[in-house]
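To start, the structure under review is shown below, and the notes come after it.
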Amino acid sequence: MTTDSAIQYDSVMKLALERGFYFPSCEVYGDAQAGFWEYGPSGVGLKNKFLQLWRRELVRRDGMLEIDGSQIMSKSVFEASGHLASFADPIVKCTKCGLTYRADKMISETADVEIPESAELEEFDDAIIKNHIKCQKCNGEFGSTKKFNMMFRVGIGPEGEEAYLRPETCQSIFVDFPRLFKTMRGKLPLGIAQVGKSFRNEISPRQSLLRLREFYQAEIEVFCNPQHLDKMNNFDEIQNTILHIQTGSDPDSMTCKEAVESGVVPNYFVAYYMGLLVEFYEKTGIDVEKSRFRKLGEKEKAFYAKVAFDFEVKTSVGWLELVACNYRSSYDLSSHAKKSKEKFEVMDGEEKVLPHVFEISMGIDRSLYTILEHSMIYDKEHERTVLSLKPYLSPIHVGVLSLVKKDGLREETDQIYQKIRRKYDAFLDHSGAIGRRYRRLDEAGAPLAITIDHQTLEDQTVTIRKRDSMEQERIKISEIDSILSEATSFP
RNA sequence: GCAGUCAUAGUAUAGCCUGGUUAGUAUUCGGGGUUUCCAACCCUGCGACGCGGGUUCGAAUCCCGCUGACUGCACCA
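Each residue of the first sequence is one higher than the one before, starting from 223 at the first, in the working numbering.
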C-alpha cells in the first residue's frame, strides 16, 4: 500500500463530519456556543471501545475500583479542593481598546514586580497604579482587576443555591475515598477510577475536540503509603517498557527501570503507572514513538501537584497533551479532611497513614482525535482513504454485503447479518457497486467485510475481505463466528 | 478576550464587486437499471444562501449587530 503520511487536522475533521464521528452541538441554531461537540454513532462506537480497552489495561490489570460520581458538586468541595480560590486567573481589561491581560503576567513583564496569581485583587490594582502601567497596545488605562473562574456555577433548587459543575472528575474519588476504602475492603496502594464529563469555562475553545468546555475525562487516583513508593510488586511486568521522557529540551528513551535508577522518575511507584499508560496507548493504535512524558517545571504545574509529567503525542497540530500525571501528595485528602472534619486516614498494615495520591488524568476526546489522526491513511495506489483502526476499537467490526441483491442473495445476506449482529457491530449494505461499499467501510474503519455471492448459495461459503491489505479469502459460513471473534477480540 | 480572514446542500465550491432567471457545478446520499469482487456507466430523486435586523419595489449579493470557523496573540489549574 503506497501511502501519503501527512494526514492533517482538516482531513480528520472532514472525515469526522462525513462519517458521523463528531460534529458541532446545536448546529441548527445560530446562537450555539463554541466549545461543545457531539459524538455521532461512529464516535460513540469508538469511544465505548476505547474505554473498554482502558478498563482492561488499567482498571482491571491493576485491580482498581471504578465509580461514577455526580457532575454537580457542592460549593464546599471546591472550597476544600482549592478550585474556588485557585482555578481562576486574575485579569485586567484595557478600558480603551478592550484588550484583556492576565494581571500577574502583565505586571511582572512590564514592571518586574512579582505578585502571585492567588494574591488579593487590590494588590494587582495597587501595582498597576504605582508603576504607572498602561496598555501595551494603545496606552489606555486599565480597569480594576477581576477574577475569572473557569468553573461553571449552577443554582440548585428554587433558591438557586450555589454549586458547581465539576472541573475535574477526581474530586468525587477523593470525597468518596473513606467509604470506598472501608466498604470495598481496600488495601494500599488502591487505584480508584472514574470516567465522566468535566466542565471548564475556557476563554477561547478551539479546534473541535482539542479544547472543549464540556469534555470527557478518564481519571485514576492511586492512593498509596508515601513510605512505600519503592515497593511495587508488579514492577517487573513493565520494567523493560520504553518511556520517552523529556526533562530538558529533548526527550530521552529509557526503560521504566532505567528511568527510576537514573532518578528521572522519582520512584518505582510512579514509573509503574507510566509504564502501564504507555502500554495502554500502544494498544489504541497511537504511535507511541511520537510520544513523550514532559516533566513540568514549577510554574507550569497545577496548584496541587508536587511532581507532574504530561503525556504528550505529536500530531499535525503539534504536541498534544493527552494525559496529566500528577503526584498530588496528600493535598486533596488533607484538605477534605480539614474542611469536612471527617477522617481520611486508613490503616496500612500496622501503620495509620493519610495516603498520598498519584493521578493519571486522561483526556478522552483528545485521545480519540489522536487515534483518528494516527490511524488515517491515504492509500495513493488505490485512491482510497483508510481508517486503519485497531479491529477491537472499530465502530464497525464487519460489513455484510450482497454482491448483487437479486437471485436470492439479498435474503441469504440478511440471514447471515441477523446471525451475527447481536455479537458483533455489523453493517448491512446491499446498494451500489461492491467497490464503493468496500471504500465506504474502509473510511469508517471496518477491518473486515463479508460478501455473499452466487457461489454462497451452492457451497455455503463467503468471501472475507481485509481492510488494510484488501486481500480476499473464501471461508465457510460456519467459520464466520470464530474468525470474527478472533479478529476483533481485545489483545 | 483582541486582531485579521471567512460563513452557500452531507462534503468541496461558483455566483456577491456591478442587487432582479427556477441559486449553478462536482462529489456524496436515496430509488431504479446494467455489470459483477474494489469509488465504472445510464435513468431518476432528495438536498443549501449561519441567525437577527436595516436599506430597497426587490437582498445570497449592500449596511449593522450576533453566532460560529480558521490563523496569529493572549489563555489552557
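Each residue gets a CB set at the ideal place from its N, CA and C atoms; glycine is no exception.
This one's a predicted model, so the numbers in the text were calculated from it and none came from an experiment.
Would you kindly work out how many angstroms separate the C-alpha atoms of phenylalanine 346 and serine 426, rounded to a whole number?
24 angstroms
Exposed or buried, what is cysteine 478 when buried is set at 16 or more other beta-carbons lying within 10 Å of its beta-carbon?
buried
Helix, strand or coil: which one does DSSP assign to phenylalanine 258?
coil
What residues in its chain sit with their C-beta under 7 angstroms from that of threonine 469, if we drop five residues either side in the sequence?
Val486, Lys517
Start-to-end residues for the alpha helix (DSSP H) that takes in phenylalanine 403:
392-405
Could you give the distance in angstroms between the alpha-carbon of tyrosine 323 and the alpha-carbon of serine 330?
12 angstroms
Residue ranges of each alpha helix (DSSP H) within the region 469-526, 4 or longer
478-483, 490-506
On the CB-based measure, 16 or more other CB atoms within 10 Å of its CB, does arginine 282 come out buried or exposed?
exposed
When you compare each of His619, Asp554, Ile672 to alanine 524 by their alpha carbons, which one comes out closest?
Asp554
Which residue wins for smallest C-alpha separation from glutamine 682, given the options Phe374, Glu701, Lys505, Ser653?
Glu701
Secondary structure at aspartate 587, three-state DSSP: helix, strand or coil?
helix
Quick check on this structure: which residue in Tyr660, Ser430, Tyr646 has the alpha carbon closest to the alpha carbon of phenylalanine 245?
Ser430
With a threshold of 16 other CB atoms inside 10 Å of the CB of tyrosine 251, please say whether the residue is buried or exposed.
exposed
Which residues share a DSSP beta bridge with methionine 295?
Tyr386
Measuring CB atoms only, is the region 658-665 touching the region 631-640, in the sense that at least three cross pairs come out at less than 8 angstroms?
no
Contained alpha helix (DSSP H) runs [length at least 4] in the region 612-663, N- to C-terminal order:
631-642
Where do the N-terminal and C-terminal ends of the beta strand (DSSP E) with glutamate 573 fall, by residue?
573-575
From the DSSP secondary-structure annotation, give me the bridge partner or partners of isoleucine 313.
Arg324, Lys368
Could you tell me the distance, in whole angstroms, from the CA atom of glycine 621 to the CA atom of lysine 536?
32 angstroms
Range covered by the alpha helix (DSSP H) that runs through glutamine 677
676-681
Output the distance between the C-alpha atoms of glutamate 443 and phenylalanine 580, rounded to the nearest integer angstrom.
6 angstroms
Closest Cα partner of aspartate 311 within the set Glu384, Glu424, Lys236:
Glu424
Consult DSSP for leucine 594 and reduce its assignment to one of helix, strand or coil.
helix
Return the chain-ordered list of same chain residues with a C-beta closer than 7 angstroms to the C-beta of serine 247, the five sequence neighbours on each side being excluded.
Ala254, Phe258, Trp259, Glu260
Only counting the same chain, and skipping five residues up and downstream in sequence, which positions put a Cβ closer than 6 angstroms to that of threonine 607?
Tyr600, Glu665
Alpha carbon to alpha carbon, how far is serine 704 from glutamine 461? Give it in angstroms, no decimals.
35 angstroms
Check whether the region 296-316 and the region 366-381 are in contact - that is, three or more C-beta pairs closer than 8 angstroms.
yes
Taking 7 angstroms as the limit between beta carbons, can you name the residues of its chain near arginine 588, skipping five residues before and five after?
Leu431, Leu432, Leu542, Leu544
Specify, as a first and last residue, the run of the alpha helix (DSSP H) that leucine 410 falls within.
Premise fails: leucine 410 is in no alpha helix (DSSP H) and is neither H nor E.
Where does glutamate 443 fall in DSSP's three states?
strand
The ligand ZN and glutamate 633: does any heavy atom of the ligand fall closer than 7 angstroms to the residue's C-beta?
Summarising the ligand content, the structure contains no ligands, and the ligand ZN is consequently not present.
Determine which residues share a DSSP beta bridge with valine 529 and list them.
Tyr549
If you reduce the DSSP assignment to three classes, tell me which class histidine 536 lands in.
The sequence given here places lysine at residue 536; histidine does not occur at that position. Lysine 536: strand per DSSP, three-state reduction.
Three CB pairs or more closer than 8 angstroms across the region 265-278 and the region 388-406
no
Indicate the three-state DSSP secondary structure (helix, strand or coil) for valine 717 in the structure shown.
Nothing can be reported for residue 717, as the shown portion of the chain is limited to 223 through 713.
Taking the alpha carbon of isoleucine 464 as the point to measure from, which residue in Glu342, Arg696, Ser475, Glu363 has its own alpha carbon closest?
Ser475
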